[in-house]
Structures are given as structure tokens and as C-alpha cells.
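Here is the structure we will look at.
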Amino acid sequence: MAVQLPVAVKAFVDANLVDRRGTNSEKWDGLQGEFGATDLLPLWIADMEFKAPQAVRDALTARVANGVYGYSFTPDSYYAALADWMQRRHGVTIQRDWVRLTTGIVKALYMMVDWLTAPGAPVVVMEPVYYPFMHAIEDQGRKVVSADLQRTATGWQIDFDRLEQVFAQQHPRLLILCSPHNPVGRIWTADELRRVLTLAEQYHVIVVADEIHQDFEVTGPQFTSALAVATPSQLQHLIVLNAASKTFNLAALNNGHVLIPDATLRADYDQYAQRVDNVAGTMLGQVAAEAGYRQGEAWFDDLLAVIRFNYAHLQAVLAAGAPDVRVDDLQGTYLSFVDLGAYVDAAHLHDFVQQQAHLAVDYGEWFAPITATYIRLNLATDPQIVDEAAQRIVRAVRAQ
1 MAVQLPVAVK AFVDANLVDR RGTNSEKWDG LQGEFGATDL LPLWIADMEF
51 KAPQAVRDAL TARVANGVYG YSFTPDSYYA ALADWMQRRH GVTIQRDWVR
101 LTTGIVKALY MMVDWLTAPG APVVVMEPVY YPFMHAIEDQ GRKVVSADLQ
151 RTATGWQIDF DRLEQVFAQQ HPRLLILCSP HNPVGRIWTA DELRRVLTLA
201 EQYHVIVVAD EIHQDFEVTG PQFTSALAVA TPSQLQHLIV LNAASKTFNL
251 AALNNGHVLI PDATLRADYD QYAQRVDNVA GTMLGQVAAE AGYRQGEAWF
301 DDLLAVIRFN YAHLQAVLAA GAPDVRVDDL QGTYLSFVDL GAYVDAAHLH
351 DFVQQQAHLA VDYGEWFAPI TATYIRLNLA TDPQIVDEAA QRIVRAVRAQ
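Residue numbers (the UniProt record's numbering): 1 to 400.
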């Protein structure tokens, strides 16, 4: 039976949902390569089944219609649109001089590790965390050091004692912070961010904050950028990464931002970026992002209503049918972290998910060994898909 949707949610889904099969979608058409099967319902990979805002599509259509795709520069209007969005949505004032462009946030992560550390050096993360953090470190011959998050009865917390211990013992130059945190869904409070930045300053650690999910405030609190709480001296050691790609579903257009408030650090980055020839985003990515920042806000707010509905529905179905499943509080991102450990152990999780529930998910072990009984579910999709996934989990639990 189809899920009954609120009027606004149904209107958004009806207007924007697309069937992505047969479009070389990694999520939908890449199942065989990743999971060895094609009959799985995909809720992995953090992109959406929804069209980008109409204004974005119109801007891209108009630019493509020109017929020439040669070299181009980034217009002043682009920087202004980004600054306006940051101020309007998050109360953060950024200066144009801070902004450097990149072809994506994962690319930027690799660049940060290469630029700021030497081979063999420790780089600090907080596991469980988005696995390309670890790839960017290990692929370049650095050492991952984790100040693991603590799982409590009320949610995930930063272990500040462990973080300080790592800083004191490992003497790292770089901490990569995920904010909001993927996959645990936490939006760090202003106080938590201040404590991280204070420790980093005390131990001379540069903080790179990946804030790509900044716009997704699902259950709250309101997102706070590290830029908003850093003191003038802490801004000297802070770099923020963000993009429009998650917000408006633009990942394949390869465009993002590296925000560096400190002039000395920025000059050093500029020299590095020139050496590796990564000093710009992409023309079409910028056209799309600017249109989204200027005219996509109403679309985005409607999208948030869909994600909130999907999260609440997932919670309700699992609570009714498999009450010992733990669905972590989704404060931010559109990615729900779900612990199935009450019903299946880590050794049998893949079989449970793929052979019994017939789902394609991001497995908790990809983010950290400590979350090996977790799965991550993408909720930026059709509510009927979320419902079907939840029902499949319930049926698989009952068949145990």
C-alpha cells in the first residue's frame, strides 16, 4: 500500500522525482559492480532522486544553448551569490578573498592532506566518519589517527579527552572535521566547535572542516559554521570546505569551495594549488550553483520537508515492526544511520541486508570498525522507496 503523503510533500515528489535507471547512475546502474547483484533497492551514495531546481535547469539549458564551451572565468556575481547564501542561511559573513575554487570536496580533501602534511604524518579524524577522509589520508601515505566519537544513550558525542590525548601524543598538523557529521547525523553545537578549535589552537593543529551538508537541518539544532565561532587567532588555522552539490543535487558538475580566512595560509595554498594545477571549479558547475543560490531556496525548503517526512516515517515503521533497531538522531545531512545489531551480528550483516532485505546500503564498517552492525540509508529519495526499505528490514527481522 502506498504511503499517504502530506500535500506539500506529495507535490514536491510529483514535480521532481525521476527514474534514474539507464542514465549511468552509480547508485542505480552500478549495483552489480559494488554489490554483485542488480535486484537490490538502492539507498546508498549521497545523491538524490529529485531533479535540480527549475532555475538551475534553466540556467544550464541557456548556457549550453550558446554552443561554445571554451575557457571561462568566474564572474563576480558567483562570489556574491555564495556570500549571500552563507549570510542568509547561516549568518556567516565571508569575504571574496577567502574563496578558492575546486573541482569537488573529495578532491579538496586529497589536496588538503597533500598540502598540509608530509608522507608518514598523522592526520586526525573522528570515526565513524565519511570513508573518503581515510582514503585521502592512506592513499597518500599518511597515517589515520582517530579520536573516536562516543556513542551514548542520547546520541553521538565528541570525546574531548581522547581528542586532546591524540593531539598531545601524536603531534599532528591536521584535523579533518566533518560538520554536520556524516554518517552519525550530528550538527555540532557552537560550544562543541569552540572546544575543538580551542584544542586545535593550543596544540598548533590546522582544522579543515568539511561543511558540505551545512544546509540540511533536519531535526536541529540550527547549523553553526566553524567560521561563525572561530576567534581571530583561530581563523589563522581554519579552512572550511563547502559546495552547492549536496544542496541542489549537482555532484556530477564537480564544483566546490575552499574557504581560507587567513592571508598567509591562503598564499601558501595558492602556491600549492598552482603546482598541482587545481585552481578552478567548472563552468557549468558554477552556472548551476549560482542559479541555485539565487533562485533555489524555496525548492530547497520544500525538499527539507520531504527528508523530514522520510526520517519520521522510517522511525515509525521500524519502531512498530522492529523496535530494537536503533535509528540515530538525524540532526543534519539526509543520511540516516541505523544500527541493526540487536537482530544481526556484524559477520552476518551483509547477508541480512542483501540476501534477506534486498537493499543496497552504505555499511557501517565502511565508516569505522566500531559501527560494523550499522547501515546508512539515503533519505533524499521517494518516500515510497523509504517505506519499502523499512518494510523489508522489518520482514527480514521477523524471518530471523
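Heads up, the beta-carbon is just placed ideally off N, CA and C, and yes, glycines get one too.
Counting along the chain, the unbroken alpha helix (DSSP H) around Gly-285 starts and ends at 283–295.
The secondary-structure analysis by DSSP pairs Tyr-374 across a beta bridge with Asp-339. Secondary structure note for Ile-158: it is in no alpha helix (DSSP H), with a DSSP letter that is neither H nor E. Annotated as proximal: Pro-172 and Val-124, with beta-carbon spacing under 8 Å. Judged by pairs of C-beta atoms under 8 Å, the region 107–119 does not touch the region 288–297, as fewer than three such pairs exist. Distance from the CA atom of Gln-355 to the CA atom of Ala-153, rounded to whole angstroms, is 31 Å. Considering only Trp-156, Leu-193, Ala-390 and Ala-52, the residue with the shortest C-alpha distance to Val-353 is Ala-390. As the crow flies, the alpha-carbon of Lys-107 is around 16 Å from that of Val-99.
One alpha carbon belongs to Pro-232, the other to Phe-223, and they sit about 21 Å apart. When Gln-286, Ala-228 and Ile-158 are compared, the shortest CA-CA separation from Gly-256 is found for Gln-286.
Distance check between Val-258 and each of Ala-83, Val-145, Ile-239 and Asp-387 places Ile-239 closest, using alpha-carbon atoms only. When beta bridges are read from the DSSP output, Lys-51 appears opposite no residue.
The beta carbons of Phe-337 and Arg-398 sit no closer together than 8 Å. Distance from the CA of Arg-89 to the CA of Lys-27, rounded to the nearest whole angstrom, comes to 29 Å.
Beta-bridge pairing by DSSP links Asn-242 to His-257. Leu-335 places its beta carbon less than 8 Å from that of Pro-183. Its chain contains Leu-43, Trp-44, Val-353, Ile-375, Arg-376 and Leu-377 as the residues whose beta carbon lies nearer than 7 Å to that of Val-361, once the 5 sequence neighbours on both sides are disregarded; these appear in chain order.
The alpha-carbon of Ile-260 is positioned some 18 Å away from that of Val-196. Of the candidates Ala-380, Leu-379 and Ile-370, Ile-370 places its Cα closest to the Cα of Trp-156.
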